[in-house]
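Novice:
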Amino acid sequence: MSEVYLAGVGMIPFGVHAERGLVDMASQAAELALQSACLYPNRVDMGFFASATAAPLFKDVTVGQNVFWQLGINQIPIFNVENACTSGSAAFYLACNAIAAGQAQVAMVVGGEKMCVPEAGLLNSGATELDTQLGLVTPASFAMRAMRHMAEFGTTAEQMAAVAVKNRHHAALNPMAQFRKPISLDEVLSSPMIADPLTRLQCCPIADGAAAVALCSKEVAKTVPGALKVLAWTYGTGDYQNPQDMARWGTDYRTCAQAYATAGLAPGEVDLIECHDAFTIGEILHYEALGLCRPGQGGKLAASGETALGGRIPVNVSGGLLSRGHPPGATGLAQIYELAVQLRNQAGERQVPGACTGLAHCMGGDKDGDSKSCTVIIISN
Amino acid sequence: MHAESKQPSPPVAPGVFSTPSRGRDPVLLGGRCLECGRNFFPRPPRCPHCLGPVKEKDLGSTGRLYSYTVVRVRPPWGLPKPYGLGYVDLDHGGLRVLGLMAPGALQDLQIGMKLRLAVAELGNNLQGEPCLRPYFEPADVKPARGD
């Protein structure tokens, strides 16, 4: 397998873009990524477009071809990827494979979503699934993990709320985030209850937005200033065994361990992490799966400040999904955007000093009490 | 001469519970692999472990609450607002299954509590018509019999 490099990243601020269409937003992010990579569009020889909601909300299909042609990119293979919340990071995984296999010298991944429309409801795992028909919505599955974590390990509502406070504190320093006003523990805990024990400020908002990355071969990377090396790209689906342990997420642990092993790193041996904080309890569970603390100790770690900017291992210095909002097609790529900005020492006030290695972690979809997908990507400068 | 008789509501999905009838509590219906003996809910068309044939299996009607939540935002399927969901460890068959919680029992939910299956008209199906859904109620409540 050939080495894979990250040549450039681009994104537009996430939020409500009522006047803009998906193709418009996505092609702008793609243009920014090419500029960041110092590459002309005609260098791209494979394209991937990620979106989870274009089909269900707008009946739009094969959007990728429309997006890439906005930049004059045509004739090359283009793939459209839907993978729930990991749509963007799963597309990234495929693009890495294409470079590693020598099938492409420059592969571009673009992800976008237009979700701030009245038709958008809560995400679920597919209307015809029995779980969905019994009322399972995504916040409920994380709420049940939270209840179990509290019962087994004594995790508290305040410890979970600390994740939201920390990530919003980070977002205040990030112009790409949707919500940037700092919030207090009291505000988080007293916001309306969504699914017990998760309050509104512990659930990521939706957003319109787009992000893009350009990946390239080692040969091309030599011509790209600030190219970063992709050390690991891993993608695991669930095991769907019954019973599932909802306080120790096997699929999460398994995929994280695989990524560390591929990169030749010990668990937690990275300088910063962007993880899937769709809900506060999610970040706590991911601390444990990522080896930042022992199983069950994630709540204490969240409240300790060790995962804040300036702490031992900063997590979600971008503000995370909780502050950025979560357009699933773009989220995994927005995480990569943050890693690239940090590893290129361009993050300004939220810079993690001396950051050399970063990890991006994303999960998506519910099935049988498990996740349908988990991606972990490790990048270094 | 004909009586205005209401058509009974359809189940939310076929084959996941036995329809309650006079004097018989409803049970959850899953599947059991005839080759490897694993149990499933709902019943899959073949065993995902060994691809063996799967036959219907009575999973009983009782269990204990493993975890739960009360969903307070706009409910899907015309379910009551708020509505409760939980994972239930069934007493028979070794499975942990997702289930709705009885609308009247949301204040009483506690991890570890004993539960019993009930079936009633609750919300709508994919076609937007009222339908029967299984749900769990505290086991110390007198069962509601079909009549």
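Line by line, the protein sequences are chains C and S. For the first sequence, counting from 1, position 218 maps to 218 in our numbering; every step adds exactly one. For the second sequence, counting from 1, position 131 maps to 1131 in our numbering; every step adds exactly one. Backbone N, C-alpha and C fix where the C-beta goes; we use that ideal spot for every residue, glycine too.
Pick helix, strand or coil for L173/C, following the three-state DSSP scheme.
Specialist: coil
Novice: Any beta carbon from chain C within less than 8 Å of H1069/S's own beta carbon?
Specialist: The sequence given here has Thr at residue 1069/S, not His. Yes, because at least one Cβ of chain C sits closer than 8 Å to the Cβ of T1069/S.
Novice: So the beta strand (DSSP E) C362/C belongs to, where does it begin and stop?
Specialist: T357 to K367
Novice: Taking the beta carbon of Q1007/S as the centre, do at least 16 other beta carbons fall within 10 Å, making it buried, or is it exposed?
Specialist: With a 10 Å radius around the Cβ and a threshold of 16 neighbouring Cβ atoms, Q1007/S comes out exposed.
Novice: Just mark A207/C as buried or exposed, buried being the case when its beta carbon has 16 or more other beta carbons within 10 Å.
Specialist: buried
Novice: Is C203/C helix, strand or coil by DSSP?
Specialist: Strand.
Novice: Between the Cα of E269/C and those of C256/C, F279/C, D60/C and T234/C, spot the shortest distance and give me the residue it belongs to.
Specialist: C256/C
Novice: Mapping DSSP to helix, strand and coil, what is E113/C?
Specialist: strand
Novice: Checking 8 Å against the spacing of the C-beta atoms, do A227/C and Y5/C come in under that value?
Specialist: yes
Novice: Would you please state the rounded distance, in angstroms, between the beta carbons of L1065/S and G135/C? I believe it to be under 8 Å.
Specialist: With 8 Å as the limit, L1065/S and G135/C do not qualify as a contact, their Cβ atoms being about 16 Å apart.
Novice: Are the C-beta of G126/C and some C-beta of chain S separated by less than 8 Å?
Specialist: no
Novice: Relative to the C-alpha of V1071/S, which candidate in P1045/S, K1055/S, P1048/S and A1102/S has its C-alpha closest?
Specialist: A1102/S
Novice: What's the gap between the Cα of G111/C and the Cα of S87/C?
Specialist: 8 Å
Novice: Taking DSSP as the reference, what is the three-state secondary structure of F279/C?
Specialist: strand
Novice: I'd like the list of long-range same chain contacts for K344/C, defined as Cβ closer than 8 Å, with 5 residues on each side in sequence excluded.
Specialist: The question names Lys, but residue 344/C is Arg in the sequence shown. The residues are G226, L228 and N381.
Novice: State the start and end residues of the unbroken alpha helix (DSSP H) segment that holds E3/C.
Specialist: E3/C -> no alpha helix (DSSP H), and no H or E assigned at all.
Novice: To which residues of the same chain is D1147/S closer than 8 Å at the C-beta, ignoring the five residues directly before and after it?
Specialist: Here D1147/S scores only 40 on pLDDT, less than 50, and its place in the model is too uncertain to base an answer on.
Novice: Over the uninterrupted alpha helix (DSSP H) stretch that includes T262/C, give me the two end residues.
Specialist: G250 to A263
Novice: Does the stretch 1040–1050 of chain S come within contact of the stretch 1074–1082 of chain S, defined as at least 3 CB pairs closer than 8 Å?
Specialist: no
Novice: Quick check: S217/C and Q105/C, are their CB atoms within less than 8 Å of each other?
Specialist: Their beta carbons are under 8 Å apart, which means S217/C touches Q105/C by this criterion.
Novice: Check whether the Cβ of A195/C lies closer than 8 Å to any Cβ atom in chain S.
Specialist: It does: the Cβ of A195/C has a partner Cβ on chain S nearer than 8 Å.
Novice: State yes or no: is the beta carbon of A400/C nearer than 8 Å to at least one beta carbon in chain S?
Specialist: No answer is possible for residue 400/C: it lies beyond the span of chain C, which begins at 1 and ends at 381.
Novice: Give the straight-line distance between the Cα atoms of D1025/S and D1089/S, rounded to the nearest whole angstrom.
Specialist: 18 Å
Novice: Quick one, are the C-beta atoms of G332/C and F92/C less than 8 Å apart?
Specialist: yes
Novice: Using C-beta distances below 8 Å, list every residue in its chain close to V224/C, excluding the 5 sequence neighbours before and after it, in chain order.
Specialist: Y5, A7, G8, A37, C38, L39 and C216
Novice: Three or more beta-carbon pairs under 8 Å between the stretch 283–301 of chain C and the stretch 324–341 of chain C, yes or no?
Specialist: Too few Cβ pairs lie closer than 8 Å, so no.
Novice: Using a C-beta to C-beta distance shorter than 9 Å, which residues of chain C count as neighbours of R1133/S?
Specialist: Q133, L134 and G135
Novice: Answer with buried or exposed for M1001/S, where buried requires no fewer than 16 other C-beta atoms within 10 angstroms of its C-beta.
Specialist: Confidence in M1001/S is poor, its pLDDT being 44 and thus under 50, which makes the residue's placement too unreliable to answer from.
Novice: Please state whether DSSP places Y331/C in a helix, a strand or coil.
Specialist: Per the sequence presented here, residue 331/C reads as Thr, with Tyr not at that position. Residue state, collapsed to three classes: helix.
Novice: Comparing alpha-carbon positions, which option in A232/C, A107/C and D366/C lies nearest G238/C?
Specialist: D366/C
Novice: Cutting at 6 Å between CB atoms, please list the residues of its own chain near M363/C, excluding the five before and the five after it.
Specialist: H276, S371 and C374
Novice: Let me check understanding here. Comparing Cα to Cα, which of V1027/S, L1029/S, G1030/S and P1048/S lies closest to C1036/S?
Specialist: P1048/S
Novice: Run through chain S and tell me which residues come within less than 9 Å of N381/C, C-beta to C-beta.
Specialist: Result: empty, since nearest Cβ-Cβ is about 42 Å, beyond 9 Å.
Novice: When the Cα of H17/C is compared with those of A210/C, V315/C, I336/C and A303/C, which residue comes out closest?
Specialist: A210/C
Novice: Determine the contact status of A259/C and A232/C, defining contact as a CB-CB distance below 8 Å.
Specialist: Yes, the Cβ-Cβ distance between A259/C and A232/C is below 8 Å.
Novice: Below 6 Å CB to CB, which residues in the same chain sit around G1128/S once its five sequence neighbours on both sides are set aside?
Specialist: none
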